[in-house]
Amino acid sequence: MGRLITEPKAYLVTKPSVDWERVAAFLADEGVPGVPQSIRAGEDESAAIAEISARLCYMSYGRGRRDIADFINNLLRSKDGSVFEHINYGFVFTGVSRSLTHELVRHRAGFAFSQRSQRYVDESGGSFVAPPALADADDKSRVVFESAIESAARSYEALVEALASAIPRERFDLATDHRKAIRQAARAVLPNATETKIFVTANVRAWRHFIEMRGSAFADVEIRSLAMMVLEALQREAPLLFGDFTIEELPDGTKTAAPKYSKV
Ligand SMILES: Cc1cc2nc3c(=O)[nH]c(=O)nc-3n(C[C@H](O)[C@H](O)[C@H](O)COP(=O)(O)OP(=O)(O)OC[C@H]3O[C@@H](n4cnc5c(N)ncnc54)[C@H](O)[C@@H]3O)c2cc1C
């Protein structure tokens, strides 16, 4: 058996960006005030994208609203969430279980996923994710969990070996297709706790919905702790777009998040 993982990792790997020269050209061609009179978000590119797209709807460049915080809060309050779909952030998540990603990929609107394949990648010697509840559990629970995954890992490796002889190599033109046939059958004995890696891109509207659903006290603790990592990263990156989420600590020490403006 490989490593036993207790903490997921979330790497923010892609962010939105604005081509300010082209924005300036557009504003000049339309004869409206330039930056910063029209686009008050300034250096905050996530808020600027919301502002540029929202102002286009009414060609209201250079008009209305006290400042950018007031402008964004008004979008959130009035649930004008479609403009947040222009702003994308991509994360790589590692050290997460297959049960977590099974829940994660249920989020459809505005999400893109690329997950490590159990058909192409051999899981021998792979890692497993311990459910967070085990951290506070007694030794008996830990022994039961660890022996179950050790047994699954041994079964997987034995099955890969057995299937390598049972499935004829000659049936496939390519060795890689032979290996794929072996692994896609052998993975049937791997548990939900099997570690996986996934690249997830979503727009701000979708991330807000994900955090609201998975940051709730009703969500599974593993995906909730990942949702909190995502929220903390996005609050740093785009405070105006995620600043209305309140983080609270539950009696068990885990955290929850709830937005002021629900499902925009
Ligand atoms: C605490 C908790 C417990 C859960 N338990 C279960 C469970 O026991 N079994 C289970 O199967 N799932 C369960 N789920 C998953 C849940 O049902 C959703 O599939 C998941 O949360 C994704 O939510 P969503 O559909 O709103 O998100 P997304 O797919 O990202 O969609 C976002 C929003 O877009 C709109 N939308 C998206 N697709 C469509 C569409 N095809 N038609 C119309 N509108 C659309 C909806 O308004 C939707 O809310 C649970 C989720 C949570 C948070």
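Heads up, the sequence shown is in my numbering, so the first residue is 1003 and it goes up one at a time. Where is the CB? At the ideal position from N, CA and C, for every residue including glycine. For clarity, every value in this text was computed on a predicted model and none was experimentally measured.
Based on Cα-Cα distance, which residue from 1128, 1086 and 1099 lies nearest to residue 1111?
1086
Less than 8 angstroms between C-beta atoms, sequence neighbours within five positions excluded: which residues of the same chain meet that for residue 1079?
Around residue 1079, the same chain offers 1263 as residues with beta carbons nearer than 8 angstroms, after the five sequence neighbours per side are excluded.
Can you give me the Cβ contacts of residue 1228 inside the same chain, cut-off strictly under 6 angstroms, excluding the 5 residues immediately before and after it?
1010
Tell me which same chain residues have a C-beta within less than 7 angstroms of the C-beta of residue 1209, skipping the five on either side of it?
1091, 1232 and 1236
Does the Cβ of residue 1205 have 16 or more other Cβ atoms within 10 Å, making it buried, or fewer, making it exposed?
buried
Using the C-alpha atoms, what's the distance from residue 1157 back to residue 1107?
27 angstroms
What are the boundary residues of the alpha helix (DSSP H) that residue 1151 is part of?
1141-1168
Using a threshold of 7 angstroms, state whether the C-beta atoms of residue 1151 and residue 1089 are closer than that.
Residue 1151 is not a Cβ neighbour of residue 1089, given a cutoff of 7 angstroms.
Could you please give the first and the last residue of the uninterrupted beta strand (DSSP E) stretch that includes residue 1196?
That residue, residue 1196, is in no beta strand (DSSP E); it is neither H nor E in DSSP.
If we call anything under 7 angstroms between Cβ atoms a contact, is residue 1198 one with residue 1114?
no
What does the shell around ligand 1 hold, if a residue joins when its beta-carbon is under 5 angstroms from any heavy atom?
1108, 1109, 1110, 1111, 1215, 1220 and 1221
Using a Cβ-Cβ cut-off of 8 angstroms (strictly less than) and excluding sequence neighbours within five positions of residue 1019, which residues of its own chain qualify?
1047
Should residue 1214 be labelled buried (16 or more other beta-carbon atoms within 10 Å of its own) or exposed?
buried
The beta strand (DSSP E) spanning residue 1253 covers which residue range?
Judged by DSSP secondary structure, residue 1253 falls outside any beta strand (DSSP E); it is assigned neither H nor E.
For the alpha helix (DSSP H) holding residue 1236, just list the boundary residues, first then last.
For residue 1236, the enclosing alpha helix (DSSP H) starts and ends at 1223-1239.
Using beta-carbon positions only, say whether residue 1012 and residue 1095 come within less than 7 angstroms of one another.
yes
Run through the DSSP bridge pairs and tell me what residue 1013 is partnered with.
1094
Beta strand (DSSP E) containing residue 1116: first to last residue?
1113-1117
By a C-beta neighbour count over all protein chains shown, 10 Å radius and 16 as the cutoff for buried, is residue 1149 buried or exposed?
exposed
Please classify residue 1099 as buried or exposed, where buried requires at least 16 other C-beta atoms within 10 Å of its C-beta.
buried
Return helix, strand or coil for residue 1266, following the three-state DSSP convention.
Assignment of residue 1266 by DSSP, reduced to helix, strand and coil, places it in the coil class.
By Cβ distance below 7 angstroms, which residues in the same chain neighbour residue 1043 in space, the five residues on each side in sequence not counted?
Correct list, in chain order: 1049, 1050, 1053 and 1070.
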